[in-house]
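Chemist: Counted the way the UniProt record's numbering counts, the sequence shown spans residues 1 to 274. Just so you know, even glycine gets a beta-carbon here, dropped at the ideal spot from N, CA and C. Computed from a predicted structure; not experimentally measured.
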Amino acid sequence: MILLNCIHMSDSFTKDWLVMYTIAGQGYVNNGDESELLCTQGTITIISPGVRQDYYTVEGSVWEKFWAHFIPRITWMDWIPASNTVGPIYHHLIEDENTRQAIESAFRRVLSYKFSNTSLQDELTMNALEEIVLLVAGMHKVKKTVDPRIKEILGFLAKHYAEDHHIEDLAHKVCLSPSRLSHLFKEQVGDSIIETLTKYRLKQAENLLQYTLRSITDIALGVGFSSPDYFGRQFASFYGVTPSKFRNLHTEKRSEADQTPFSANDKKPDSRHG
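1. Residues in its own chain within less than 7 Å of lysine 15 by CB, not counting five upstream and five downstream?
2. Please identify the residue among Ser215, His172, Leu176 and Glu163 whose C-alpha is closest to the C-alpha of isoleucine 194.
3. Below 6 Å CB to CB, which residues in the same chain sit around phenylalanine 185 once its five sequence neighbours on both sides are set aside?
4. Would you call the region 244-253 in contact with the region 205-212, where contact means no fewer than 3 C-beta pairs closer than 8 Å?
5. For lysine 268, count neighbouring Cβ atoms within 10 angstroms of its own Cβ and tell me buried if that reaches 16, exposed if not.
6. Since residue 340 and arginine 100 should fall inside the 8 Å C-beta cutoff, what is the C-beta to C-beta distance between them, to a whole number of angstroms?
7. Please state whether DSSP places methionine 139 in a helix, a strand or coil.
8. Count the other C-beta atoms from every protein chain shown that fall within 10 angstroms of the C-beta of glutamate 187, then say buried if there are 16 or more, exposed otherwise.
9. Which stretch, first to last residue, makes up the beta strand (DSSP E) that contains alanine 162?
10. Less than 9 Å between the beta carbons of tryptophan 79 and leucine 154, yes or no?
11. Compute the distance between the beta-carbons of valine 19 and alanine 82, then report whether it is under 9 Å.
12. By the 10 Å Cβ neighbour count, where 16 or more other Cβ atoms means buried, how is arginine 233 classified, buried or exposed?
13. Decide if lysine 114 is buried, meaning its Cβ has at least 16 other Cβ atoms within 10 Å, or exposed.
Right under this line is the structure:
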């Protein structure tokens, strides 16, 4: 996603991951404790869930960047780098020109796929994002390793998102105490178990709203929420719009895509993926 003269200062915290890549110009990202990170051409920044988003353009500059919100695939957890700054944010200036071009090309494909009109739109978009994650991971010799027990829980939740889960049962599954599992999960994933499960459910609901005619009540109960009202509140909190509004907006976008040739500079999507 390209934004020009971007100014964004919010007291809210990220509910998903955010990756930003600077094409030109300069901007600052708040890194907590009043420290700031300078973004220049070739800088990539990754903000994990639960971290406040606060960034702005340097005065007199035009800050051009791609950015995307996403929910990572389970396999990405070993690849997404940990913070390399004094704060919670990963921030790196890419000096290799080939890597810069590869990342920019992948971001442009994210844009293109996001507004394509194919049944595999989400998979293609996520594959392009995965390429970005792999390119960043490849710049570091030390690989971050997620505990295999946490991976097992992530995989189990992703497969059984519509079911009710209890921390005690999940902990027993991987031979950990409930408190130890909760702490380790939060430490390595960035979200609590409940937050992660909610995101899996919301992602599935997003797909159903976009590609089926099922009622919102049916979708809410089908993905595991206890009531349509609770689902509506969770959905609006995460996506910024109600489920019905989201469905209407998606229908309008697909109609526009059918009528108008796509140009990467015409659209500024909010790219949340799962």
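Modeler: So, from the data block:
1. In the sequence shown, counting from the first residue as 1, residue 15 sits at position 15. Cβ within range, chain order: Pro49 and Phe238.
2. As a position in the sequence shown, residue 194 is number 194, starting the count at 1. For the options Ser215, His172, Leu176 and Glu163, the alpha carbon positioned closest to that of isoleucine 194 is the one of Glu163.
3. To locate residue 185, count along the sequence shown from 1; it is residue 185. Same-chain partners within the cutoff: Ile150 and Ile193.
4. Cβ pair count under 8 Å is three or more, so yes.
5. For the purposes of this step, residue 268 is taken as the residue at position 268 of the sequence shown. Bear in mind that the predicted position of lysine 268 carries a pLDDT of just 37, short of 50, making it unreliable; the figure below should be weighed with that in mind. Using a 10 angstroms sphere on the CB of lysine 268, the tally of other CB atoms stays under 16, which defines it as exposed.
6. Because residue 340 is not part of the residues shown, which for the chain are 1 to 274, the question remains open.
7. Indexing the sequence shown from 1 puts residue 139 at position 139. Coil at methionine 139, not helix or strand.
8. Translated into the one-based positions of the sequence shown, residue 187 becomes position 187. Classification for glutamate 187: exposed.
9. Residue 162 sits at position 162 when you count from the first residue of the sequence shown. Counting along the chain, alanine 162 falls outside any beta strand (DSSP E), and DSSP gives it neither H nor E.
10. As a working mapping, residue 79 is identified with position 79 in the sequence shown. As a working mapping, residue 154 is identified with position 154 in the sequence shown. Contact flag unset, no.
11. Taking the sequence shown and counting its residues from 1, the one referred to as residue 19 is at position 19. Taking the sequence shown and counting its residues from 1, the one referred to as residue 82 is at position 82. Their beta carbons are not under 9 Å apart, which means valine 19 does not touch alanine 82 by this criterion.
12. Here residue 233 refers to the residue found at position 233 of the sequence shown. Under this definition arginine 233 is an exposed residue.
13. By 1-based counting over the sequence shown, the position of residue 114 is 114. Lysine 114 counts as buried, since at least 16 other C-beta atoms from the protein chains shown sit within 10 angstroms of its C-beta.
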